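Participant: Pasting in a structure now, in structure tokens, and then I'll have a few things to ask.
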Amino acid sequence: MRLGTRIASAVVLAAVLAAALWLGGPALYVVTGLATGIGLHEYAGLAGAAGRVDLPVWVLYPLGGWLLYRSLLPAEVPALEWGLGVAVVAGLLGSLVVGEGGLVAWALAVGGALWIGLALGYYLPVLDLHLSPGDHHGLRIVGTTLAAAMLGDIAALFAGSRFGRHKLAPTISPGKTVEGALASMAGTIGLFAAVSAWLLGYPWYHGVLLGALLSVAAQGGDLVESALKRAAEVKDSGRLVPGHGGLLDRMDSLILLGPVVYCYLRAFALS
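Residues 9 to 279 in this note's numbering are what the sequence shown lists, from first letter to last.
Dropping the structure here:
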């Protein structure tokens, strides 16, 4: 029953994501905003429990939303600088009012907004990439990125359960193994290398390099949330997704992939 529930939930989430990516525009922004808002809400609970403080959501939510949609603002609007500046000043002043634990709460709030809002926001400019009018190049890149991350998760689960002998991070996530991590990287690299020239129009070696970086980012994001849950002494970030836990439990390995793809394409002038 639990396996069936997990599969059904995964299918529903994948269908919603695929529809939002394909439709683009308002549908994509609404789904992205909802996912970010839910992720920030679940993060507030985890980080607050981990730090034994009440997070100032009046900093976390507005800043997270501002950073998410900053790429949609005109280029002359210094969104990132203004957003961070407001958060720093407002948060520091607020921490003085709160008293003990206020500074820790503010730091956790700003950190969560950066981790979730800023990082997820990088997907939006990647999706807007076009080599020619109507070619959906950005959609192919993001689709390949998400598919590679999912394949990496499956490879890690299979290899870890069958061949796992050496713990990857026993104090953070005892179930993860070095063998599983290597299998995850192999799967991610393999998919990107295979489709790089055919689907994305890049030389195969860019697929290898980008696949390796994405694997590290995906597994790093997973470990970040695992560390938060361990510090908060909880098993899941929430109960929104039947059979899986919270939405953040499903997003953790995907959050940092947007910045990696965006920066890689910019660094090698592939966009």
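Just so you know, even glycine gets a beta-carbon here, dropped at the ideal spot from N, CA and C. Being a predicted model, the structure only gives us computed values, none of them experimental.
Do Gly142 and Leu29 come within 8 Å of each other at the CB atom, strictly closer than that value?
Facilitator: Contact flag unset, no.
Participant: What residues are listed by DSSP as bridge partners for Thr185?
Facilitator: Note: Thr185 sits in a beta bridge opposite Lys175.
Participant: Checking the sheet assignment: what are the DSSP bridge partners for Val249?
Facilitator: In the DSSP output, where bridge partners are listed per residue, Val249 has Gly253.
Participant: If you draw a straight line from the C-alpha of Met9 to the C-alpha of Gly251, how long is it?
Facilitator: Per-residue confidence for Met9 stands at a pLDDT of 45, beneath the threshold of 50, marking its modelled position as unreliable; the derived number appears in the next sentence. Looking at the two C-alpha atoms, the distance is approximately 9 Å.
Participant: If distances are taken between C-alpha atoms only, which option among Ala16, Leu218, Tyr130 comes closest to Ala194?
Facilitator: Measuring from the Cα of Ala194, the nearest candidate turns out to be Leu218.
Participant: What residue does the alpha helix (DSSP H) around Lys243 start on, and which one ends it?
Facilitator: Counting along the chain, Lys243 falls outside any alpha helix (DSSP H), and DSSP gives it neither H nor E.
Participant: Under DSSP, the alpha helix (DSSP H) around Gly282 begins and ends at which residues?
Facilitator: Residue 282 is absent from the structure shown; the chain starts at 9 and stops at 279.
Participant: If you count every other CB in all the chains shown that lies within 10 Å of the CB of Ala277, and 16 or more means buried, which is it?
Facilitator: Answer is exposed; the Cβ neighbour count stays below 16.
Participant: Under the rule that 16 or more other beta-carbon atoms within 10 Å means buried, what is Leu101, buried or exposed?
Facilitator: Leu101 comes out exposed.
Participant: In three-state terms, what does DSSP make of Leu122?
Facilitator: DSSP places Leu122 in helix when its eight states are reduced to three.
Participant: Taking the C-alpha atoms as reference points, what is the distance between Phe166 and Leu128?
Facilitator: Going from the Cα of Phe166 to the Cα of Leu128 covers about 28 Å.
Participant: Check for me: the alpha helix (DSSP H) holding Gly41 runs from which residue to which?
Facilitator: 33 to 59 is the extent of the alpha helix (DSSP H) around Gly41.
Participant: Quick one: residues in its chain with C-beta nearer than 7 Å to the C-beta of Ala156, no 5 flanking neighbours on either side, listed in chain order?
Facilitator: These residues qualify, in order along the chain: Thr196, Leu199, Phe200, Gly219, Leu222.
Participant: Just how far apart, CA to CA, sit Glu233 and Trp206?
Facilitator: Whole-angstrom Cα-Cα distance: 34 Å.
Participant: Taking only the alpha-carbon atoms, compute the straight-line gap between Leu176 and Asp244 and give it to the nearest angstrom.
Facilitator: When rounded, the distance between both Cα atoms is 20 Å.
Participant: Return the CA-CA distance between Pro34 and Pro178, expressed in angstroms with no decimal places.
Facilitator: Approximately 42 Å, taken between the alpha carbons.
Participant: Checking 8 Å against the spacing of the C-beta atoms, do Gly229 and Asp257 come in under that value?
Facilitator: Not closer than 8 Å, so no.
Participant: Spatial neighbours of Leu231 within its chain, please: CB distance less than 7 Å, with the 5 preceding and 5 following residues excluded, ordered by chain position.
Facilitator: The answer, listed in chain order, is Ala177, Ile180, Ser181.
Participant: Report the CB separation of Val65 from Ala52 in whole angstroms; it is logged as a contact under 8 Å.
Facilitator: At roughly 6 Å, the Cβ-Cβ gap stays under 8 Å, so Val65 and Ala52 are in contact.
Participant: Measure the CB-CB distance between Leu42 and Ala121 and report whether it falls below 8 Å.
Facilitator: The answer is no: Cβ separation not under 8 Å.
Participant: Give me the Cβ distance between Gly7 and Tyr131, rounded to the nearest whole Å; I'm assuming they're in contact under 8 Å.
Facilitator: For the chain, the structure presents residues 9 to 279; residue 7 sits outside this window and is missing.
Participant: Can you tell which of Tyr213, Leu236, Trp212, Val134 has the C-alpha that lies nearest to the C-alpha of Gly32?
Facilitator: The candidate whose alpha carbon is nearest that of Gly32 is Val134.
Participant: Give the single residue among Thr13, Thr153, Gly47 whose Cα lies nearest to the Cα of Gly254.
Facilitator: The residue with the shortest Cα to Cα distance from Gly254 is Gly47.
Participant: By alpha-carbon positions, which one of Val242, Ser79, Val224, Lys237 ends up nearest to Ala189?
Facilitator: When each option's Cα is compared against that of Ala189, the closest is Val224.
Participant: Would you check if the distance between the CB atom of Ala113 and the CB atom of Ala240 is smaller than 8 Å?
Facilitator: No; because the gap between Cβ atoms is not below 8 Å, this pair is not in contact.
Participant: Given that a residue counts as buried once 16 or more other Cβ atoms are within 10 Å of its Cβ, and exposed if not, what is Arg78?
Facilitator: Buried, since its Cβ has 16 or more Cβ neighbours within 10 Å.
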